[in-house]
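Trainee: Under the working numbering, read the sequence shown as residues 220 to 370, first letter to last.
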Amino acid sequence: MVKLIISFLALIGGSAVAIQSQINALFSKKVGVLESATVSFMIGALALFFLAFFFGKGNFFNLFTVPKWQLIGGLLGAFFIVINIFSVNLIGVAATFMAVIIGQILVGAIIDHFGLFGGVTYPMNMTKLIALALMFVGIYLFNKAKKEIFV
220 MVKLIISFLA LIGGSAVAIQ SQINALFSKK VGVLESATVS FMIGALALFF
270 LAFFFGKGNF FNLFTVPKWQ LIGGLLGAFF IVINIFSVNL IGVAATFMAV
320 IIGQILVGAI IDHFGLFGGV TYPMNMTKLI ALALMFVGIY LFNKAKKEIF
370 V
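(1) For the alpha helix (DSSP H) that V236 lies in, which residues bound it at each end?
(2) Just to confirm before moving on: does the CB-CB distance between L351 and L325 stay below 8 Å?
(3) Identify whether N344 lies in helix, strand or coil by the three-state DSSP scheme.
(4) In chain order, what are the residue ranges of uninterrupted alpha helix (DSSP H) at least 4 long that sit wholly in the region 287-361?
(5) Compute the Euclidean distance between the alpha carbons of M343 and E254, then round it to the nearest angstrom.
(6) Give me the residue from S247, A328, I310 with the minimum Cα distance to T346.
(7) Is the beta carbon of V449 sitting closer than 8 Å to the one on I304?
(8) Anyone know if the C-beta pair for Q211 and V307 falls short of 8 Å?
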């Protein structure tokens, strides 16, 4: 039951990111890609700060004790938001997220296979390779169909 609830929450999170992507893309047409990404990050950071301040159970001062490379997550998030805004304006939300999800799963599979960044090892196998190949076929067909129908 817990896995089902967590999966549902992840589904809601993914839905929120798709909605955010369209909103940010529209916003960027008025203020610019980098500017809309900055505003999005600032508002999100402010919201997270207050949530952590009032409800967090950790300790912000521990950030001085973690390996410095672990702080790159914020840069990767900013990179994602900028690329996402740029892509949605050019190819739409669905095509952008097909590519995003394939990128996440592909790199996730590599991280899992080698246990990178201190993770647990989940070896690659033929079934996983076939699934990755089918995802690439899926994005090709999705983009091909999109062009045939709407152009």
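All C-beta atoms, glycine included, are put in the ideal place defined by N, C-alpha and C.
Mentor: This is what the structure holds:
(1) 221-250
(2) yes
(3) coil
(4) 292-310, 312-333
(5) 40 Å
(6) A328
(7) A question about residue 449 goes unanswered here, because the residues of the chain that appear run from 220 up to 370.
(8) Because the chain here runs from 220 to 370, residue 211 falls outside it and cannot be looked at.
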